[in-house]
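Novice:
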C-alpha cells in the first residue's frame, strides 16, 4: 500500500477503536461470567435439572402430567394473570410457565414458574434478580431497553470495522518482521504493540464471530418485528379484523400440541407462545419446534394453532434473518459445546480484553506523536518507530 492508503486505514482503525473500546471492555468483562451462566446458576442454587434425570425424557410421554393440568396449577396460584409462555426441557421432565398481568406485559412484570411434569409439582421460580441477571441486562442493553441494544449493536459494528482495518494494517506492518515477533529488548511501547498485534491476530477469527453475532443479537427486536409484520401477518391473514381472543376462551394446549406433533413428528417443542404476545398472533398458540441434533436444535419452526379450536392453521420455516438470529445467540456465548468450548471462549475473551486495554494504553501514551509518524512506522514494516 502507498502512504495515503496506509494513512486512511490508520485513521479508520484509530477512531473506530477509540469510539467503541470502553463499551467493548464492558462487554468483555460482563460476558466472561455469562459464558458460564449454567454452571454458575447450578452453584448458586438454581433448580437442579440433574434431579430429574431418570424420569421420562419426552415431553409427550404417557407418564407425564398433561400440559393443561400444569397450566391450571400455575394459574390457580396467580389469580388475575394470564399465560405468556410455556417452555420445555426435552432432556428432562422440567418445564417453565411464564405468567403476567397481560399478554403483552413487559419482561419485568412476568413471573417464570419451574415445574416437574413427572410429579406435577412446582419446583420454584426463576429469579429476575441477582448478579447474573444484572450482568445480562448490562451486557444486553445497559438497562436502556431497545435504544441500549441498538447502541451496543453500533459499537459492535465499529468493532468489526476496527478489526478489518487493523488486519489491513497488520500485513505491511509485519512485512519485515517474523510472525509472532516480540521485541522485548526494546521500549515498553514496542513490546505493547507486539503483544497487541500478536494476540489480536490470534483471536481475530473469534473476535469477528463474536462481534458479528453480537451485532445480530442487538437487532433481535427489529428482526422479530419484521417477522411479525411479514411472515406472521401472512400466516394469520385469515384472522384479520377479528377481536383478540380472551383467555377465558383458550382451548386445550394438549390438543394443540398433538396437532403439531402429528404434522411434524421428527421435531421437539421448545416453547409455546400464547395469544397476544410478541411471538404469536392474537388468536393462536405459536408452538416453536426445534431439531433433534446439536446444530438443528437452534433453528426454530413456528406452528400456529387456533387457540380456541385447537386446529393447526399453518407451519413454515423461519425466514433467513430469523435463522441467522437463532444461530447467533448460542454461538455468541459458546453454548454449542460443553465446558471445554466455554473455557476456550473464556480464554479468547481474556485475549480480547488485553488487546482492547493495550490499544487504549497505546493511544493514551502516544498522543503527542503525529499521524505521519505512525504511517511511516507501518510503511517501514515495523522497523522505524516514532519517537517516544
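In the numbering used here, the protein residues as written are 12 to 399. Just so you know, even glycine gets a beta-carbon here, dropped at the ideal spot from N, CA and C.
1. For residue 351 and residue 81, what's the separation of their Cα atoms in angstroms?
2. To which residues of the same chain is residue 64 closer than 7 Å at the C-beta, ignoring the five residues directly before and after it?
3. Can you grab the Cα-Cα spacing for the pair residue 115 / residue 186, in whole Å?
4. Give me the residue from 133, 101, 96, 106 with the minimum Cα distance to residue 5.
5. Using CA coordinates, which residue listed in 226, 292, 336, 376 is at the minimum distance from residue 324?
6. Taking only the alpha-carbon atoms, compute the straight-line gap between residue 28 and residue 281 and give it to the nearest angstrom.
7. For the beta strand (DSSP E) holding residue 101, just list the boundary residues, first then last.
8. Among the residues of its own chain, which have a CB less than 6 Å from the CB of residue 238, if the five just before and after it don't count?
9. Put residue 115 into one of helix, strand or coil per three-state DSSP.
10. Taking the straight line between their C-alpha atoms, what separation do you get for residue 214 and residue 135?
11. Can we say the segment 243-262 touches the segment 357-364, given the rule of at least three CB pairs closer than 8 Å?
12. Can you list the alpha helix (DSSP H) stretches of 4 or more residues lying completely in the segment 134-203, in chain order?
13. Whole alpha helix (DSSP H) runs in the segment 250-296 with 4 or more residues, listed along the chain?
14. Apply the 10 Å Cβ neighbour rule to residue 276 and answer buried if 16 or more other Cβ atoms are within range, or exposed otherwise.
15. How many Å lie between residue 223 and residue 176 at the Cα?
16. Does DSSP put residue 125 in a helix, a strand or coil?
17. Rounding to the nearest angstrom, what Cα-Cα distance links residue 19 and residue 386 in this structure?
18. Could you check how far apart the C-beta atoms of residue 160 and residue 152 are, in whole angstroms? I think they sit under 8 Å.
19. Would you say residue 129 and residue 283 are within 9 Å of each other, going by their C-beta atoms?
20. What is the rounded straight-line gap between the Cα of residue 41 and the Cα of residue 226?
21. Quick check on residue 145: buried or exposed, where buried means 16 or more other Cβ atoms within 10 Å of its Cβ?
22. Can you name the start and end residues of the beta strand (DSSP E) that residue 314 belongs to?
23. For the alpha helix (DSSP H) holding residue 355, just list the boundary residues, first then last.
24. May I have the straight-line CA-CA distance separating residue 172 from residue 24, to the nearest angstrom?
25. Report the partner residues of residue 307 according to the DSSP bridge assignment.
26. Do you know offhand how far residue 150's Cα is from residue 354's?
27. Can you tell me which residues form a DSSP beta bridge with residue 82?
28. Which two residues bound the contiguous alpha helix (DSSP H) that contains residue 346?
29. What are the boundary residues of the beta strand (DSSP E) that includes residue 43?
30. Who are the Cβ neighbours of residue 30 in its own chain at under 7 Å, not counting the five residues just before and after it?
31. Nearest to residue 217 by CA position, among 39, 15, 32, is which residue?
32. Based on the DSSP secondary-structure assignment, which residues constitute the bridge partners of residue 301?
33. Give me the DSSP bridge partner(s) of residue 105.
34. Considering residue 324, what are the terminal residues of the beta strand (DSSP E) in which it resides?
35. Identify the residues that DSSP records as bridge partners of residue 132: which are they?
36. What are the start and end residues of the alpha helix (DSSP H) that includes residue 233?
Specialist: In terms of the structure at hand:
1. 36 Å
2. The predicted position of residue 64 is uncertain, since its pLDDT is 35 and thus under 50; a value taken from the coordinates is nonetheless stated next. Contacts found: 103.
3. Rounded to whole angstroms, residue 115 to residue 186 spans 58 Å at the Cα level.
4. Only positions 12 to 399 of the chain appear in this structure, which leaves residue 5 out of reach.
5. Here the closest residue by C-alpha is 292.
6. 39 Å
7. That residue, residue 101, is in no beta strand (DSSP E); it is neither H nor E in DSSP.
8. The answer, listed in chain order, is 333.
9. coil
10. 41 Å
11. Result no; under three Cβ-Cβ pairs closer than 8 Å.
12. Fully enclosed alpha helix (DSSP H) runs of no fewer than 4 residues occupy 142-152, 157-184 of the segment 134-203, in order along the chain.
13. As far as the segment 250-296 is concerned, its whole alpha helix (DSSP H) runs of at least 4 residues are 264-274.
14. The residue in question, residue 276, is exposed, as its Cβ has fewer than 16 Cβ neighbours within 10 Å.
15. When rounded, the distance between both Cα atoms is 15 Å.
16. strand
17. 9 Å
18. 4 Å
19. no
20. 16 Å
21. exposed
22. 311-317
23. 350-376
24. 7 Å
25. For residue 307, which the question treats as bridged, DSSP gives no partner whatsoever.
26. 19 Å
27. In the DSSP output, where bridge partners are listed per residue, residue 82 has none listed.
28. That residue, residue 346, is in no alpha helix (DSSP H); it is neither H nor E in DSSP.
29. Not the beta strand (DSSP E): residue 43 falls in the alpha helix (DSSP H), residues 14-46.
30. So the qualifying residues of the chain are 169.
31. Out of 39, 15, 32, 39 has the C-alpha closest to the C-alpha of residue 217.
32. 279, 311
33. According to DSSP, which records beta bridges pairwise, residue 105 is partnered with 127.
34. 323-326
35. 127
36. DSSP places residue 233 in the uninterrupted alpha helix (DSSP H) bounded by 231-238.
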